[in-house]
Every structure is written in C-alpha cells, then in structure tokens.
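Student: So the sequence shown is numbered by this note's numbering: it starts at 46 and just counts up by one. Every residue gets a Cβ at the ideal spot worked out from N, C-alpha and C, and that includes glycine.
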Amino acid sequence: MYRFWQKVFQVLGFLTLIASVALVIWLFQKGILNDQNAFKTWVQQYQVMAPVIFILIQIIQIVIPILPGGVTTVAGYLIFGPWLGFITNYIGIMIGSVILFLLVRRYGKPFIHLFVKDKDLSKYEAKLETKTYERFFIFCMASPISPADILVMVTGLSKMSLKRFIMILLLTKPLSIIGYSYLWIYGGSFIQYLLGL
Numbered sequence: 046m047y048r049f050w051q052k053v054f055q056v057l058g059f060l061t062l063i064a065s066v067a068l069v070i071w072l073f074q075k076g077i078l079n080d081q082n083a084f085k086t087w088v089q090q091y092q093v094m095a096p097v098i099f100i101l102i103q104i105i106q107i108v109i110p111i112l113p114g115g116v117t118t119v120a121g122y123l124i125f126g127p128w129l130g131f132i133t134n135y136i137g138i139m140i141g142s143v144i145l146f147l148l149v150r151r152y153g154k155p156f157i158h159l160f161v162k163d164k165d166l167s168k169y170e171a172k173l174e175t176k177t178y179e180r181f182f183i184f185c186m187a188s189p190i191s192p193a194d195i196l197v198m199v200t201g202l203s204k205m206s207l208k209r210f211i212m213i214l215l216l217t218k219p220l221s222i223i224g225y226s227y228l229w230i231y232g233g234s235f236i237q238y239l240l241g242l
C-alpha cells in the first residue's frame, strides 16, 4: 500500500507539471500572459477570492510537494504585483511549511519517502549530525535556489523546536521569496543587458 502511494505522488507530480505547461500555453493563446491589461482584467474578475485561492494553492504545493515551488512563487508576483504577490506568497509558504514540518514530526521518514528518493534524503539527513546544521538551514531558507521543501522535511526529523523553526522562516523567507521572484522575472533581461543583446 505504501509503494502504491509513492507511485501515486510520482505520477501526480508528472501530471501536475504537464498541466502547468498546458495552462501557460492556454493563457498565452488567450492573450492573458502577453497582454498586461488583459492579464489584470482576468485576475480582477476574481476580486477578493483570487488571493485566498492562491494562498491555498501555495499551501497545498508545499504540503504535497509535487509542483516546483518556484512556479507558484513567480506566478504570485505576476498575478498580484510585487506587494500583494509577496504577501500572498509569504502567508502561503509560512503556513504550508509549518504544516509540512509538523507532518514529518508526526509521521517521520515514511512521510518524506512519499516524495523524496532515499539517496536525496540521505544526502541532506547526513547534515543533521553536524553542529552547523542550523546555520546551513538558515542559509538555505534565505536562498532562492535551495531545495526548501526537502530541507523543511529533513528539519522535521531534527530536535529543532517548532518555535525556533517558525522564527527562522519568518526572518529568512522574505529574502528567498523576493530573490526567487526577481531572479526569474528580471533575470533574463539582466543577462541580455550584460551580453549587450
């Protein structure tokens, strides 16, 4: 039964990736992504519910990490703009990360193995034995390019208190959210500028 659920989440991850690509293509065909006014009109029709729905999506993609978190983070900025995009991302990521941490505390490695291969888990789990793990965790949570969801799960296996975990996330997640969003949104333009294209 356990192997069955592992396969289910692997297939879901693959299907979600395909669905995400299909959605982006559909939005381009509708002119929503390549026309800023059309994009804003599309978002505004959902009014108050749009941020709430987005926060729920962000929570779900962290608790059940089958979709790369960066996809939704960037989507938040594109959909809501820098300020509301940051707030919705921050709330969703914080709630989702705390739930994920508590699930690992409750169910341990079997829960992690639903989403993470044993060799990948072993690589990060080995760092738990070091005295510098907390500093490593802080650095990774602030970084826009670290495997945050895996590290949240691994940290759930540690002796770190929930209070300490939440405090670290409260202080570091703004840096990674802003960094990741701007890296992907403006990174291409910056590279073109450097290359003189």
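For the stretch 120–183, list the alpha helix (DSSP H) runs that are entirely contained and at least 4 residues long, ordered along the chain.
Tutor: The stretch 120–183 contains these whole alpha helix (DSSP H) runs: 154–157 and 163–170.
Student: Measuring CA to CA, which of S167, I124, V119 and I144 is closest to I107?
Tutor: Position 62 of the sequence shown, counting from 1, holds the residue named residue 107. Nearest option by C-alpha distance: I144.
Student: Does the distance from the C-beta atom of I102 to that of G126 stay below 9 Å?
Tutor: Within the sequence shown, residue 102 is the residue found at index 57, counting from 1. Within the sequence shown, residue 126 is the residue found at index 81, counting from 1. Cβ distance not < 9 Å, so I102 and G126 don't count as in contact.
Student: Can you give me the Cβ contacts of E170 inside the same chain, cut-off strictly under 8 Å, excluding the 5 residues immediately before and after it?
Tutor: Sequence index remark: in the sequence shown, residue 170 carries index 125 (1-based). Excluding positions up to five away in sequence, the list reads V199 and L202.
Student: Could you give the distance in angstroms between the alpha-carbon of P192 and the alpha-carbon of V93?
Tutor: Within the sequence shown, residue 192 is the residue found at index 147, counting from 1. Within the sequence shown, residue 93 is the residue found at index 48, counting from 1. Their Cα atoms are separated by approximately 31 Å.
Student: Assign S206 to buried or exposed, taking buried as 16 or more other Cβ atoms, counted over all protein chains shown, within 10 Å of its Cβ.
Tutor: Numbered from 1 along the sequence shown, position 161 holds the residue referred to as residue 206. Exposed, by the Cβ-count rule.
Student: What do you get for V97, buried or exposed, if any count of 16 or more other CB atoms within 10 angstroms of its CB means buried?
Tutor: Position 52 of the sequence shown, counting from 1, holds the residue named residue 97. Burial call: exposed.
Student: Per the contact definition of three or more C-beta pairs closer than 8 Å, is the stretch 208–223 in contact with the stretch 118–134?
Tutor: The answer is yes - the stretch 208–223 touches the stretch 118–134, with three or more Cβ pairs under 8 Å.
Student: What is the rounded straight-line gap between the Cα of I157 and the Cα of L123?
Tutor: Counting from 1 along the sequence shown, the entry for residue 157 is found at position 112. Counting from 1 along the sequence shown, the entry for residue 123 is found at position 78. C-alpha separation (whole angstroms): 31 Å.
Student: What separation, rounded to the nearest whole angstrom, lies between the Cα atoms of L214 and K162?
Tutor: For the purposes of this step, residue 214 is taken as the residue at position 169 of the sequence shown. For the purposes of this step, residue 162 is taken as the residue at position 117 of the sequence shown. The alpha-carbon atoms of L214 and K162 are separated by roughly 25 Å.
Student: Under a Cβ-count criterion, where at least 16 other Cβ atoms within 10 Å of its own Cβ denotes burial, should L216 be classed as buried or exposed?
Tutor: Taking the first residue of the sequence shown as position 1, residue 216 is located at position 171. Exposed: under 16 other Cβ atoms inside 10 Å.
Student: In whole angstroms, what is the alpha-carbon distance linking S226 and L166?
Tutor: Counting from 1 along the sequence shown, the entry for residue 226 is found at position 181. Counting from 1 along the sequence shown, the entry for residue 166 is found at position 121. Each residue's alpha carbon lies about 27 Å from the other.
Student: Of the choices I183, E179, P189 and I195, whose alpha-carbon is the least far from that of K164?
Tutor: Locating residue 164 in the sequence shown gives position 119, counting from the first residue. The shortest Cα separation from K164 among I183, E179, P189 and I195 belongs to I195.
Student: Thinking C-beta only, is G141 closer than 9 Å to I183?
Tutor: Here residue 183 refers to the residue found at position 138 of the sequence shown. Here residue 141 refers to the residue found at position 96 of the sequence shown. In this structure, G141 does not lie closer than 9 Å to I183 by Cβ.
Student: Am I right that L210 and F146 are in contact with their C-beta atoms under 8 Å? What's the rounded C-beta distance?
Tutor: Taking the first residue of the sequence shown as position 1, residue 210 is located at position 165. Taking the first residue of the sequence shown as position 1, residue 146 is located at position 101. According to the sequence provided, residue 210 is Phe. The question's Leu does not apply to it. Rounded, the Cβ-Cβ distance is 6 Å, consistent with contact.
Student: For a quick check, are the C-beta atoms of V149 and V197 less than 9 Å apart?
Tutor: Taking the first residue of the sequence shown as position 1, residue 149 is located at position 104. Taking the first residue of the sequence shown as position 1, residue 197 is located at position 152. Taking 9 Å as the Cβ cut-off, V149 and V197 qualify as a contacting pair.
Student: Could you tell me the boundaries of the alpha helix (DSSP H) in which L202 lies?
Tutor: On the sequence shown, position 157 is the one that residue 202 refers to. No alpha helix (DSSP H) holds L202; DSSP gives it neither H nor E.
Student: Please state whether DSSP places P189 in a helix, a strand or coil.
Tutor: For this step, residue 189 is matched to residue 144 along the sequence shown. Residue state, collapsed to three classes: coil.
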